[in-house]
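There are 2 protein chains.
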Amino acid sequence: MPNRHPIAATSLTDVVEAVASGRSSPAREIEAAEERIAAADGTIGAFLRTAPRESLVAASAHRGPLAGVAIGVKDIYDTRDMETEHGSPIYRNHRPVTDAALVSMARVAGAAIIGKTTTTEFASLDPTPTRNPRNLEHTPGGSSSGSAAAVAAGMVPLAFGSQTGGSVIRPASFCGVAGFKPSFRLLPTVGMKTFSYTLDTAGLVAATAMDLALAAQLITGRELASARLPEAAGLTIGLYRSTVDIEVEPAMIEAVAEAARLLERAGARLVEIDEPAALASARDWHGAIQGFEAVMALSDEFHHHRSELGPMVRAVLEQAAKLEPSTYDEARRAARIARKAASSLFESADVLLAPSALGAAPVTLASTGDAQMNKLWTLTGNPVVSVPGLATAEGLPLGVSVIARFGRDERALAVAGLLQDLLVRQ
Amino acid sequence: MPNRHPIAATSLTDVVEAVASGRSSPAREIEAAEERIAAADGTIGAFLRTAPRESLVAASAHRGPLAGVAIGVKDIYDTRDMETEHGSPIYRNHRPVTDAALVSMARVAGAAIIGKTTTTEFASLDPTPTRNPRNLEHTPGGSSSGSAAAVAAGMVPLAFGSQTGGSVIRPASFCGVAGFKPSFRLLPTVGMKTFSYTLDTAGLVAATAMDLALAAQLITGRELASARLPEAAGLTIGLYRSTVDIEVEPAMIEAVAEAARLLERAGARLVEIDEPAALASARDWHGAIQGFEAVMALSDEFHHHRSELGPMVRAVLEQAAKLEPSTYDEARRAARIARKAASSLFESADVLLAPSALGAAPVTLASTGDAQMNKLWTLTGNPVVSVPGLATAEGLPLGVSVIARFGRDERALAVAGLLQDLLVRQ
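Chains as they are written, first to last, in this note's numbering: chain A, 1 to 426; chain B, 1001 to 1426.
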């Protein structure tokens, strides 16, 4: 019987309901978030800076549907009232003119952008000093390190991250919070620092899968949060067997099996789905697409500021600079074929279950872990929700990914909500 | 017999060859461009600002393949040594930290970024004060107004533009210069102000189609410029008959027919191709994709700076803000179907010929003209080259578009080069 661990303490759904009902106010919720950050962040190091007073005063006066929701924003998203440094000394003290699209949309919906969270340099691999709130000696994962840690520590009910390989789902899994990597371009990436324009995906981190659905709905105006959870009976859940499962740790295999058992006991049908060859080979092309585009996207940083780059991102770029256009073109073709193959998977299942990471957060602050379990779905653009609630025998969180067909984000969120509910209740 | 007009005076191929052979030097070419700008731009108004001396001194010392090539850059591309204002008072005096990807790539290849050219606000519709060098009372077109005018007046051999509807091909046609809208994402748009991320395409303007091919090859490292022009014999040229051809002016219809006659006389086979229904209807969805994405991309400008926006872009955004997500999703589906239909066209033709604009540049500086002839190919992502050399009876330029299959940019450029050669020789 796998262990459980508690979900994060601050729920977005609770905040939204408390403000809407008048039991609380935006000002009180924002102040409470400030107090939690002041109390906890000295140990965790999730935040780089918090918002100026006048921004929070303005947010406190807002009456939109997200009023009172304090959001931590990964420091690769432009903010007009706070420095945006992309985790890099090249951008030290850089202040954008305008907010990134997603930041602005959240403000329009009433949210308070309460501060900027740590990111690996350009959302690549060089770790930040942030610690994993579930166990301070373990990495929180990356590249959205600060966003996952800020939610896990209960400081904020919502944070923005981004994923090019596994940078939302992996830290969410490591920190025991819910992570949402939507369908490619469901959330705009405008004003977010580009690493790979074919892969970069804006994502969300919150305490539970239901919180993610509500946040995504209120920011986009799309119907993404179902009024009630779906019935398990009638659902077909695919247990996705990838060619790299051999690398997954036993505790994570057991966690996914436990999630499947809970859904089956509730009435869902389980089917095993073996990874098609087109998807197995596409996983190996991810690096070529990411690298070739990063060398262009970061051309000025690479050619004009090379000595200022961190060692890991610099090595990634130096390696990628050797790629030929023909290799990139072949990788793009493989990705197109993989997207079709990924859609076909959903002819035999409503959603897929898979590990959110190879295992629990490694005991290190010198690496942010491995994106092996995530990069295929980033490449294909399918929506993925990582559901928290399971843990190793030592109590380290293990996330389970719910994957849906491209464009069926509401389904991924709904089944993730169902699984979340089963995990919390049992 | 349609009239001809001369190609622009400054050829990139000439500059590259003169520097490579030692007949000229980067310093001499850059100085010559500075002198041409000083002499001509008071009348034309293509440039907003020119580069600081130290940037040009550094470029003069470069020995890359584009050394000595002075480039005018549309002011929606970030430049670290010059203000980047996106044609908007919201960004007055804004100085980016780093160069846009394409700008950096051009510098790495040795080019001199000599100045920033005018753009309509956020590359939308509000005209700039730039005049058409072929006739000062006529619009140069937009949104890449300054880039097309700078090349047409012979000030620079190359300029960067961008196209979301028809913003490269239309001004190229109006100003009598060659324009290249590559396959979607052949050239990176990172560091270019976003209006619509599904449509925004980085493009080039030069004196001739051959100049465009050489520039694209030297910037990207891709084989895009054939060592010699293709044989007309063996080529099948599709005369594309769209459902909106009824709006095209007689002089433009005659120009396309003349281009077809020249190619046929040289040995090419002509076929007529009627627009498939999937492409006719996709053209009407262009506006929904562009508008819905622009409202997100410019969320901060729209919500926080609305009174500072120009009347035309403001009206576009206000109208688009009413669009439902479901309308956008339907438009995206129509675009996907159109991309497949566009590929099928090239089963019966190597390239297509079509008008680059509805006619010659209108006699006005209050509008930049109509994107009706261009927006379908922006939506499908096909490469388009506008070839200059033909004119109305009054001598106003008329561009002819050569369109190829997605990803076959080298073919569009090669056939455009052949047509260019036929137009110059005869």
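Here a beta-carbon is modelled for each residue, glycine too, at the ideal position from N, C-alpha and C.
Opening and closing residue of the beta strand (DSSP E) in which residue i lies
| i | result |
| --- | --- |
| Tyr240 (chain A) | 236-241 |
| Val1073 (chain B) | 1070-1074 |
| Ala1268 (chain B) | Where Ala1268 (chain B) is concerned, there is no enclosing beta strand (DSSP E), given that its DSSP letter is neither H nor E. |
| Lys1116 (chain B) | 1112-1117 |
Assigned secondary structure, residue i (DSSP; H/G/I helix, E/B strand, else coil)
| i | result |
| --- | --- |
| Arg1228 (chain B) | coil |
| Ala1178 (chain B) | strand |
| Ala202 (chain A) | strand |
| Leu1279 (chain B) | helix |
| Met82 (chain A) | coil |
| Leu66 (chain A) | coil |
| Val363 (chain A) | coil |
| Leu1263 (chain B) | helix |
| Gln1217 (chain B) | helix |
| Ala255 (chain A) | helix |
| Leu1212 (chain B) | helix |
| Glu1121 (chain B) | helix |
| Ala1009 (chain B) | coil |
| Gly369 (chain A) | coil |
| Asp284 (chain A) | helix |
| Val1295 (chain B) | helix |
| Ser1307 (chain B) | helix |
Identified DSSP bridge partners for residue i
| i | result |
| --- | --- |
| Asp274 (chain A) | A:Arg241 |
| Thr1004 (chain B) | With the sequence shown as reference, residue 1004 (chain B) is identified as Arg, and Thr is not the correct amino acid for it. DSSP lists B:Leu1390 as partners of Arg1004 (chain B). |
| Thr50 (chain A) | A:Gly115 |
| Gln1163 (chain B) | B:Thr1201 |
| Met1192 (chain B) | B:Tyr1077 |
| Leu1158 (chain B) | B:Ile1071, B:Ala1206 |
Element boundaries [alpha helix (DSSP H), containing residue i]
| i | result |
| --- | --- |
| Leu1353 (chain B) | Counting along the chain, Leu1353 (chain B) falls outside any alpha helix (DSSP H), though it belongs to the beta strand (DSSP E) covering 1351-1355. |
| Phe1174 (chain B) | 1169-1175 |
| Ala18 (chain A) | 12-21 |
| Gly146 (chain A) | 145-152 |
| Leu56 (chain A) | 53-60 |
| Phe302 (chain A) | 299-304 |
| Phe137 (chain A) | Note on identity: in this sequence residue 137 (chain A) is Glu, with Phe being the wrong assignment. Segment: none, Glu137 (chain A) is in no alpha helix (DSSP H) and carries neither H nor E. |
| Leu1422 (chain B) | 1409-1425 |
| Arg1028 (chain B) | 1026-1044 |
| Leu102 (chain A) | 101-108 |
Residue i: CB within 7 Å of a non-hydrogen atom of the ligand NAD
| i | result |
| --- | --- |
| Thr1120 (chain B) | As for the ligand NAD, it is missing from this structure, which has no ligand bound. |
Can you give, in chain order, each stretch of the alpha helix (DSSP H) that sits fully within the segment 374-406 of chain A and has at least 4 residues? 375-380
What are the residues in the segment 57-87 of chain A lying within 9 Å of chain B by C-beta distance? Asp78, Arg80
Got a sec: which bits of the segment 301-329 of chain A sit with their beta carbon under 7 Å from any beta carbon on chain B, in order along the chain? Glu301, His303, Pro325
For the segment 1095-1126 of chain B, enumerate the residues whose C-beta is nearer than 7 Å to any C-beta of chain A, in chain order. Val1097, Thr1098, Asp1099, Ala1101, Ser1104, Met1105, Val1108
In the segment 275-298 of chain A, which residues sit with their C-beta less than 7 Å from some C-beta in chain B, listed in chain order? Met296, Ala297
Looking at chain B, which residues of the segment 207-226 of chain A have a Cβ within less than 9 Å of any of its Cβ atoms? Thr220, Gly221, Arg222, Glu223
Could you name each continuous beta strand (DSSP E) segment of 3 residues or more that falls completely within the segment 1311-1342 of chain B, going from the start of the chain to the end? none
Output, in sequence order along the chain, the residues in the segment 186-204 of chain A whose CB is closer than 7 Å to any CB in chain B. Pro188, Val190, Thr194, Tyr197
Output needed in chain order: residues of the segment 401-416 of chain A with a Cβ under 7 Å from some Cβ in chain B. none
Quick one, which residues of the segment 330-344 of chain A are near chain B if we go by CB-CB under 8 Å, in chain order? none
Which residues of the segment 24-58 of chain A have a Cβ closer than 9 Å to any Cβ of chain B? Give them in chain order. none
Can you pull out the residues from the segment 232-243 of chain A whose beta carbon lies closer than 8 Å to at least one beta carbon of chain B? none
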